[in-house]
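What follows is one structure encoded as structure tokens, with my remarks underneath.
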Amino acid sequence: MILSTRKLTLSMLRAIARDATPLELEPSAIANIRRGAETVAAIVAKGEPAYGINTGFGKLAHTHIPREQLEELQRNLVLSHSVGTGPLMSDEVVRLILVLKAVSLAQGMSGVRPLIVESLIALYNARVYPCIPAKGSVGASGDLAPLAHMTAVMLGLGEVRINGKTLSAVEGLHKAGLAPIDLAAKEGLALLNGTQASTALTLSGLFAAEDAFAAAMVAGAMSVDAAMGSDTPFDDRIHQLRGQQGQIDTARIYRDLLATSEIRNSHRVGDEKVQDPYSLRCQPQVMGACLDVMRQSAHILEIEANGVSDNPLVFPDSGDVLSGGNFHAEPVAFAADHLALAIAEIGSLSERRIALLVDPTLSGLPPFLVSESGLNSGFMMAQVTAAALASENKSLAHPASVDSIPTSANQEDHVSMATYAGRRLADMADNTSTIVAIELLAAAQGIDMRGPLKTSPKLQAAHANIRKAVHYYDHDRLFAPDIECARQLVTGTVFRDLVGNLVSAE
1 MILSTRKLTL
11 SMLRAIARDA
21 TPLELEPSAI
31 ANIRRGAETV
41 AAIVAKGEPA
51 YGINTGFGKL
61 AHTHIPREQL
71 EELQRNLVLS
81 HSVGTGPLMS
91 DEVVRLILVL
101 KAVSLAQGMS
111 GVRPLIVESL
121 IALYNARVYP
131 CIPAKGSVGA
141 SGDLAPLAHM
151 TAVMLGLGEV
161 RINGKTLSAV
171 EGLHKAGLAP
181 IDLAAKEGLA
191 LLNGTQASTA
201 LTLSGLFAAE
211 DAFAAAMVAG
221 AMSVDAAMGS
231 DTPFDDRIHQ
241 LRGQQGQIDT
251 ARIYRDLLAT
261 SEIRNSHRVG
271 DEKVQDPYSL
281 RCQPQVMGAC
291 LDVMRQSAHI
301 LEIEANGVSD
311 NPLVFPDSGD
321 VLSGGNFHAE
331 PVAFAADHLA
341 LAIAEIGSLS
351 ERRIALLVDP
361 TLSGLPPFLV
371 SESGLNSGFM
381 MAQVTAAALA
391 SENKSLAHPA
401 SVDSIPTSAN
411 QEDHVSMATY
421 AGRRLADMAD
431 NTSTIVAIEL
441 LAAAQGIDMR
451 GPLKTSPKLQ
461 AAHANIRKAV
471 HYYDHDRLFA
481 PDIECARQLV
491 TGTVFRDLVG
501 NLVSAE
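What follows is the structure, encoded as structure tokens:
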């Protein structure tokens, strides 16, 4: 894959995150990078004060640094800012961070040498991933602590992870065909400043949300058949009258998934139920709203992935060096908070359908979806697990972006909290994926109990994939392994392949 500036798409980012697709920097980018570096070199030669090039940082910006100490200034910046704590970021997130930073610097507006960008890409291609603690950033002035740990590896400091094994940074650099770098003027600041960690965490959350969303669409359709619900609420005429695009699109998918179902056709006439509960009937309205929110967040993240967000910025055409605030990750924080709402609602709606299926008064199925209930508890506690996870997500969905805490002696007096906003999405998506996994098992159980009537061809295919992983629940057995097997299906591609990628199709 050729890495071009301002041309990263969500499908490319997904391939980078999930598949570690090898990358090659577009040759034309080198000239732009050199022009930026030459602009910085000219400023250094003149000795004119320019923030981050020959001054201190943050509250210390008024301090002029002599030319002979500029390399030490950049090294000290990396060392002092490597203060992260907590668990390490996943390989998926680190891959995104490396590439996002390379794309930003490759635009030639950050004043770094080509060596810096080439080193980031070399680490990525060699699958040498800096060990980056997940906690310690407030999302302005950029993701300083996480990106400092990334940069420290380029200096031969810290640790890396290769195939799950932790090695020293020096060993990692050797594996990637690199040697420790001495940073030139501004290079440390350019590497540390920016929203790449927040954006990577949020992109990873988006991709996990896409998987959960697709699986929940299939699970919801299966639950309609398992509960002998109606497909009338998915009629396109209803949704066109409202006009919400996500709602229109999800209703179409539900119609497609349920088309020609024998179970549905068996009760089109003479059904005593006039209307289904909201968790079945209002799926297009809820899931469509989630889809709209996810699409908007995806749009924001794609823009951010292609942007330049360090400070100050170098403009080679004029020779200007301008200090601004592109490092403030408020757009990313908002996108992450919106994704959190969608993820929570996907899980919440799924949990309600599980509760419906295990209740014989609502579903018409055996209590807790098992024969000889009483002797067997069936899906009783699986629904409790789903309820626990749905409630946990309600707390995690509280917006992070409404919080702010001053830092750097009040120089950085308003921050985005985007890093936490993005980081918590992984836990939320995992919770929702598990809820949806339980629903898939429950719905598959209900469909089996409707035999010999069959569900639709597409849902039969989904059912078959579930049964390949987990066999029919005929009596109580150790349940947790079944849930985990189903969760692996949710986080895979089987359901996204079935319904398509509605969020960021390209």
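Every letter in the sequence shown is one number past the one before it in the working numbering, and letter 15, counting from 1, is 15.
Beta carbons are placed, not taken as given, at the ideal position from N, Cα and C, and that holds for glycine.
{"Item": "According to DSSP, which residues form a beta bridge with H64?", "Value": "T55"}
{"Item": "So, helix, strand or coil for S418, using DSSP?", "Value": "One detail in the question is off: residue 418 reads as Ala in this sequence, not Ser. A418: helix per DSSP, three-state reduction."}
{"Item": "Here's the rule: buried if 16 or more other CB atoms are within 10 angstroms of the residue's CB, otherwise exposed. What is L473?", "Value": "Checking the displayed sequence, the identity of residue 473 turns out to be Tyr instead of Leu. With 16 or more other Cβ atoms within 10 Å, it is buried."}
{"Item": "Does the count of Cβ pairs from the stretch 406-423 and the stretch 191-205 closer than 8 Å reach three?", "Value": "yes"}
{"Item": "Where does L155 sit, in a helix, a strand or coil, going by DSSP?", "Value": "coil"}
{"Item": "Quick one: complete alpha helix (DSSP H) runs, 4+ long, within the stretch 152-206?", "Value": "169-175, 187-192"}
{"Item": "Based on Cα-Cα distance, which residue from M228, D337, V117 lies nearest to A298?", "Value": "D337"}
{"Item": "Reducing DSSP to helix, strand and coil, say where N326 ends up.", "Value": "coil"}
{"Item": "Given this structure, state the Cα-to-Cα distance separating E159 from V170, to the nearest angstrom.", "Value": "8 Å"}
{"Item": "Within 10 angstroms of the Cβ of V308, are there 16 or more other Cβ atoms? Answer buried if so, exposed if not.", "Value": "buried"}
{"Item": "If you reduce the DSSP assignment to three classes, tell me which class T455 lands in.", "Value": "coil"}
{"Item": "With distances taken between CB atoms, is the gap from F213 to C282 smaller than 9 Å?", "Value": "no"}
{"Item": "Going by the beta-carbon positions, is the gap between A219 and V436 smaller than 9 Å?", "Value": "yes"}
{"Item": "Does the beta-carbon of A442 have 16 or more other beta-carbons within 10 angstroms, so that it is buried, or is it exposed?", "Value": "buried"}
{"Item": "Does the distance from the CB of Q275 to the CB of V370 come in under 9 Å?", "Value": "no"}
{"Item": "Express the C-alpha separation of G164 and A226 in angstroms, rounding to a whole number.", "Value": "42 Å"}
{"Item": "Just tell me which of I263, N311, A335 has its CA closest to the CA of G324.", "Value": "N311"}
{"Item": "Using C-beta distances below 8 Å, list every residue in its chain close to P49, excluding the 5 sequence neighbours before and after it, in chain order.", "Value": "T55, H64"}
{"Item": "For L375, which three-state DSSP category applies?", "Value": "coil"}
{"Item": "Report yes if the CB atom of F327 is closer than 9 Å to the CB atom of T195, and no otherwise.", "Value": "yes"}
{"Item": "Can we say the stretch 390-400 touches the stretch 487-497, given the rule of at least three CB pairs closer than 8 Å?", "Value": "no"}
{"Item": "Use the C-beta contact count for N410: other C-beta atoms within 10 angstroms, 16 or more gives buried, fewer gives exposed.", "Value": "exposed"}
{"Item": "My guess is that V78 and G188 are in contact by the Cβ rule of under 8 Å, so how many angstroms apart are they, rounded?", "Value": "5 Å"}
{"Item": "Only counting the same chain, and skipping five residues up and downstream in sequence, which positions put a Cβ closer than 8 Å to that of G177?", "Value": "A122, A126"}
{"Item": "Using the rule of at least 16 other Cβ atoms within 10 Å of the residue's Cβ for burial, across every protein chain shown, is S261 buried or exposed?", "Value": "buried"}
{"Item": "Determine the contact status of G156 and A145, defining contact as a CB-CB distance below 9 Å.", "Value": "no"}
{"Item": "Run through DSSP, which three-state label would F479 get?", "Value": "coil"}
{"Item": "Please go through the same chain and pick out, in chain order, the residues whose beta-carbon is closer than 7 Å to the beta-carbon of A179, but skip the five residues on each side of it.", "Value": "L173"}
{"Item": "Hey, D143 and A197 are a contact pair by Cβ (cut 8 Å); roughly how many whole angstroms apart?", "Value": "3 Å"}
{"Item": "Per DSSP, which one or two residues make a beta bridge with Y129?", "Value": "R161"}
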